[in-house]
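K.L.:
Residue numbers (numbering that gives the first Met the number 0), protein chains in the order written: chain A, 0 to 609; chain B, 0 to 302. Every residue gets a Cβ at the ideal spot worked out from N, C-alpha and C, and that includes glycine. If you scroll down you'll find the structure; I have some questions about it.
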Amino acid sequence: MSDYIFWPNELLRKESSFENEELIIIAIKLEETDYVVIAIEQSSILQDTLNLEYPYTILGNRDNQGNWTINIPHFTIVEFEVPKFKMMQFYSIEPISLILPKNNTVDNPILKKIPNIEKLISYERYKARNYKLNKTIDIINTYNSTLNAFHHSYPMIGKSKENNSSGIISLQRWYTSTVIHKLTCYITFYITFCACYIAYFGSHFLRKIVPTLLRLSATAKQIDLRFQQICYFPVQYMKINQTKPQGRTTSEYRRLNDESSTKKIEPSCKFYPDYIRFYNTLWLIVNDTSFGLMLGAVLHDNHDVIVNTLSDVIMTTLYEKMIEVTYSLANNPFGIKLNHELASFLSELFYWIMEFSYNSLIKFASDKEKLSIFLTFVTNISCIFGASFGISLIVDFFSLLSFHIYLFYHISCKLYHWQLNTLISLFYLFCGKKRNVLRKRIDYDYFEIDELLLGTLLFIVLSFLMPTVLSFYASYTLVWMTAVYISVFLNSAIGLINHFPLFAFLLRIKDPKRLPGGILLLPKYHKNGRVILKLHNNPLSVPAMFNPFSHSLGKIKEYYFSTVTFKNMLSGTSIKVQFNELYDILYLSLPEEPIDISQILSKLKERLPR
Amino acid sequence: MSSEEPWSRLLWIKQKYPDNYTDPDFIRFMEKMKQKREGPPIIDYDFDQIRKDSLKFYNIFLNSSFIYIVFTLIYYYKTDARYLAGSITLITMLVSTHKNKELTSLLNIKSSFIIIFTLLTLSPVLRSLSMTTASDSIWTVSFWINILYILTCATSSLSPSPHKEDIIKHEASIFYDIKDHSNNKPSNLATNLLLANVAMLASRLNTTTDVFCFLLIAIQVNIILPRIINISHVKVASTSSMIVYLFVGITIGYRITLIFLISSVSYIIFMPKLFHYWQVHYRRRDYEILDLWDPRTPVVDVE
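Quick look at the structure:
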């Protein structure tokens, strides 16, 4: 197996500057990495210290004719651009995760069905084989600090990059020592402290005390989400700041064989996704608020028009039209002659529900004064807290108003489902068959006359009543599905506002190297019959960035726009707005359980300037 | 191939024979078939049996027409259904006292109570059930259900090849031996089709009493009585024929009755002969091979 030698581009440039001189190559190689070239020096310099300590080795040399000799037999050279760590560029084998990786290893639902899949996955053979490459990529990512460490231990070789501290940095240093800074820090900390505690208890209240409200109301869900985000901010902040790029000491590299110290060489870019998530959330909140201001302005400007139209629309669609539909169902709709007794009974029942909901809800909702107050409230909320809150208030208002439609749908659905199932079993009886529970199939059986008589008469009665129930079910299902689709549309709008990968998207446009989606090794040119490879950064693709969102869209499609939904409708299985499923996307960038806020805050307190 | 177990023509049994194994029986059978085909046709069909089966078909048809007779009487001629039901019930009682012991096994008190109460409960519901449906569609549906009934009833009760002695025994008495369940039980589907037909027709009647009486009569005439008495018996068949022809003659007219009579007589006389002729001359003999060597469907558990 040939070794890979990773060769930074800047050393190539340096090499070309030393014409007709003898050079040696110094590379670093840890236990489980490939060679990474860190220096090319004139061989005269190295006369004094011929023995380099582990992990540094002399890889090869060049004579004054410009011919290279490499000390290892088989090798491939890979050129790479040193990532600018200060610019937050880095390489990564795995695509950077924009959502918080959850603990469950198996996500694929098909794989989940295989027994012992967890064990299989943890088996060595199925693990990713690019452990070595991963480690090498780590060294490449921290190339500058590695270089600094090398210069620190061998000051005579080459020159360390000068730490030119400019005036801004000295100003910053001066500022951090003043009282104003201290005061600002303390004030910020205590504001954060208060906000976090309020958010923590608010979220706790919603989750533990009124979980039903959280399940039913979009606004409650939105409030909970915001609380969770606020609780999670300090955690993210700590994660980002504890791993600021620092110069590594040589001792760290010396003790590399120790198990404990290898863990220390964790890539600093590990918490980089947290950085992206943190700023993405912040940006989204700001964005949400600006959208909210826009929405609020629009609502405010057209206040009277909206109130008038809405009042009319609520009155006609939710009350008058429903009455009309129910009336026509009771009186031979489209000339279809339904069973009069059953139809009039059902329509009486629905009238009754309608009157109840009219007296308790619709009368107030369509009242212009009250509607105006509500609209002002929505306007204010969306101006202060953001468009997502405004929209979720509208969603809740809508679901409250369409509750009687849900009741109609639910009642007719239950009736239809019950009748359909009874008809199917009675049809088996009609054919002289019976469901075999033990073998789960339909078997022939012999029935007595009384059983047959009862079954057949019931079958006849039910099949005569079926068209009536079916027509009620079909019309209310149509109305309910319209309501569901409106609700789903608004909910996906909230999801989009809350989870648009805005920051990542802008980052992708600005500097694709900051958003790695993998690496790419491409042949660059031939040199002495060798192919020289070049390490490229393969930026995260745009569809991959929208992966969680498209996943959620797929779920919506599966629930509301698929043949399964249609089959469910036919079989009379109840269809509901799956709030929890729709909101999954919102929580993707948050931990599943609320963070214990007091611990985090005490940690944060330790970092305050004294 | 030395094996103790004989080869059997079942794919789902693991056998010690190779896949392309041909049973010597099969070749012998094929040779026999070939000889048979070359020789003159052997008449081994039982003409009596064919005649009996087609008569049975005719009898079922006659029996089912009683439903329509009773319905016409109640619906069209406004006959008091209570007298009709009473007389039919009396006849059933008389017949059943004749075979009292066996009747208890067929219709115990519990199930007759269930029947009565079901009829009483569902009669008002049935009466108002098809109010909005047009009568013509009910007649059409009833017609098709009745045809289905006759077909299923006839095909399910066609005996494959009963022994001669059995036939003679059945001929001998009007009453069935009820313990002998082999022959006189129609399939569930046939009974259900009949009940559906009756219920549909009943939903057209005007009063609840009519509905109840009609259902009771139909069940007794078409379900209970055929299980007790042999409708193929000459006396029974001729009595029911007489009633039907008389009724048709009185209600529709003698010309149509005459056409009806001629067609049924010609059916009874010529149909068995025609069928027999077809069996002897045109029926494919390959069926005999297929009968023995057709692909059988294994019974496999769903799980």
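1. Can you confirm whether A:Asn-638, when its beta carbon is compared against all beta carbons of chain B, has any partner nearer than 8 angstroms?
2. Below 7 angstroms on C-beta distance, what does B:Ile-66 contact in chain A?
3. Specify, as a first and last residue, the run of the alpha helix (DSSP H) that A:Lys-523 falls within.
4. Which residues bound the beta strand (DSSP E) around A:Lys-432?
5. For A:His-339, tell me which candidate among A:Leu-374, A:Tyr-274, A:Ser-289, A:Pro-466 has the shortest Cα-Cα distance.
6. Taking DSSP as the reference, what is the three-state secondary structure of A:Glu-80?
7. Quick one: grab the DSSP three-state call for B:Asn-205.
8. For the structure I just gave you, are there three or more beta carbon pairs, one from the stretch 196–214 of chain B and one from the stretch 447–459 of chain A, closer than 8 angstroms?
9. I'd like to check one pair, A:Lys-28 with A:Pro-7: are the Cβ atoms closer than 8 angstroms?
10. Which residues in the same chain have their Cβ closer than 7 angstroms to the Cβ of A:Ser-327, if we skip the five residues on either side of it in sequence?
11. Round the Cβ separation of A:Val-377 and A:Ile-393 to the nearest angstrom and send it over; I've been treating them as touching at under 8 angstroms.
12. Tell me which residues share the same chain as A:Val-613 and place their Cβ nearer than 8 angstroms to its Cβ, disregarding the 5 neighbours each side in the sequence.
13. Is it buried or exposed, B:Lys-77, if we count other Cβ atoms within 10 angstroms and call 16 or more buried?
14. I'd like the list of long-range same chain contacts for A:Ser-259, defined as Cβ closer than 6 angstroms, with 5 residues on each side in sequence excluded.
15. Can the beta-carbon of A:Ser-401 be found less than 8 angstroms from the beta-carbon of A:Gly-291?
16. Hey, would you say A:Lys-604 sits closer than 8 angstroms to A:Met-237, going by beta carbons?
17. What did DSSP end up calling A:Asp-300 once you bin it into helix, strand or coil?
18. If you measure from the beta carbon of B:Asn-187 to each beta carbon in chain A, is any gap under 8 angstroms?
19. What is the C-beta distance between A:Phe-79 and A:Ile-139, in whole angstroms, given that I count them as a contact (C-beta under 8 angstroms)?
20. Roughly how many angstroms separate the alpha carbons of A:Thr-261 and A:Lys-134, rounded to a whole number?
21. At a Cβ cut of 8 angstroms, what residues of the stretch 193–204 of chain B count as close to chain A, listed as they run along the chain?
22. 8 angstroms is my cut-off, CB to CB: does B:Trp-11 come that close to chain A?
23. Taking its Cβ as the centre, do 16 or more other Cβ atoms sit within 10 Å of A:Phe-200, making it buried, or is it exposed?
24. Tell me whether A:Glu-340 sits in a helix, a strand or coil according to DSSP, three-state version.
25. At what residue ranges does the stretch 107–138 of chain B contain a whole run of the beta strand (DSSP E), taking only runs of 3 or more?
26. Give me the Cβ distance between A:Leu-132 and A:Ile-92, rounded to the nearest whole Å; I'm assuming they're in contact under 8 angstroms.
27. Using 8 angstroms as the limit for Cβ to Cβ distance, is A:Glu-347 near chain B?
28. Please report the straight-line C-alpha distance between B:Gly-248 and B:Ile-68, rounded to a whole angstrom.
29. Which residues of chain B have a Cβ atom closer than 7 angstroms to the Cβ of A:Tyr-445, listed in chain order?
30. Going by other Cβ atoms of all chains shown within 10 Å of its Cβ, with 16 needed for buried, is B:Trp-11 buried or exposed?
31. For the beta strand (DSSP E) that contains A:Ser-56, what are its first and last residues?
32. On the three-state DSSP scale, how would you describe B:Asn-19?
33. Are the CB atoms of A:Asn-66 and A:Leu-58 within a distance shorter than 8 angstroms?
34. Kindly list the residues whose CB is nearer than 6 angstroms to the CB of B:Tyr-16, restricted to its own chain and excluding five residues on each side of it in sequence; keep chain order.
35. Would A:Ile-448 count as contacting chain B if we go by Cβ distances under 8 angstroms?
36. Near B:Met-241, which residues of its chain fall below 6 angstroms by C-beta distance, leaving aside the five closest residues on each side in sequence?
P.N.:
Answer, in terms of the structure:
1. One cannot answer for residue 638 of chain A here, as it falls past the ends of chain A, which runs 0 to 609.
2. Here the premise fails: no neighbours, minimum Cβ distance about 14 angstroms.
3. Annotation for A:Lys-523: no alpha helix (DSSP H) segment contains it, though the beta strand (DSSP E) segment containing it runs 515–526.
4. For A:Lys-432, the enclosing beta strand (DSSP E) stretches over residues 432–435.
5. Closest by alpha carbon: A:Pro-466.
6. Of the three classes helix, strand and coil, the one that applies to A:Glu-80 here is coil, per DSSP.
7. Judged by DSSP in its simplified three-state form, B:Asn-205 adopts coil rather than helix or strand.
8. Touching, per the Cβ criterion.
9. Taking the C-beta atoms as reference points, A:Lys-28 is found no nearer than 8 angstroms to A:Pro-7.
10. The answer is none, since no qualifying residue turns up.
11. That belief holds up - the Cβ atoms of A:Val-377 and A:Ile-393 are roughly 7 angstroms apart, short of 8 angstroms.
12. Since the first residue shown for chain A is 0 and the last is 609, residue 613 of chain A is missing from the structure and cannot be characterised.
13. When all chains shown are included, B:Lys-77 counts as exposed.
14. At A:Ser-259, the pLDDT of 34 sits below 50, so the modelled position is not reliable and the matter cannot be decided from this model.
15. Taking 8 angstroms as the cut-off, the Cβ atoms of A:Ser-401 and A:Gly-291 do not count as close.
16. With a cutoff of 8 angstroms on beta-carbon distance, A:Lys-604 and A:Met-237 are scored as not near each other.
17. Here A:Asp-300 sits in helix by DSSP.
18. B:Asn-187 has a beta carbon lying within less than 8 angstroms of a beta carbon in chain A.
19. Yes, A:Phe-79 and A:Ile-139 are in contact; Cβ-Cβ is about 6 angstroms, under 8 angstroms.
20. Interpretation of A:Thr-261 is limited by its pLDDT of 37, a score under 50 that renders its predicted location unreliable; the figure taken from the coordinates is listed afterwards. Near 11 angstroms, if we compare the C-alpha coordinates of A:Lys-134 and A:Thr-261.
21. Hits within the stretch, in order: Leu-194, Ala-195, Ala-198, Met-199, Ser-202.
22. For B:Trp-11, the answer is no, since every Cβ of chain A falls outside 8 angstroms of its Cβ.
23. Around the beta carbon of A:Phe-200, fewer than 16 other beta carbons sit within 10 angstroms, so the residue counts as exposed.
24. Of the three classes helix, strand and coil, the one that applies to A:Glu-340 here is helix, per DSSP.
25. Entirely contained in the stretch 107–138 of chain B, not one beta strand (DSSP E) run reaches 3 residues.
26. In this structure, A:Leu-132 and A:Ile-92 form a Cβ contact; the two beta carbons are roughly 6 angstroms apart against a cut-off of 8 angstroms.
27. It does not; no Cβ of chain B falls within 8 angstroms.
28. Going from the Cα of B:Gly-248 to the Cα of B:Ile-68 covers about 12 angstroms.
29. Simply Asn-187.
30. That one is exposed.
31. The amino acid occupying residue 56 of chain A in the given sequence is Thr; Ser does not appear at that position. That run of the beta strand (DSSP E) goes 55–61.
32. B:Asn-19 falls in the coil class under three-state DSSP.
33. Not a contact, by the Cβ cut-off of 8 angstroms.
34. Contacts found: Trp-6.
35. So, interface residue.
36. If we look at B:Met-241 and ignore the five residues flanking it on each side, it has no Cβ neighbours.
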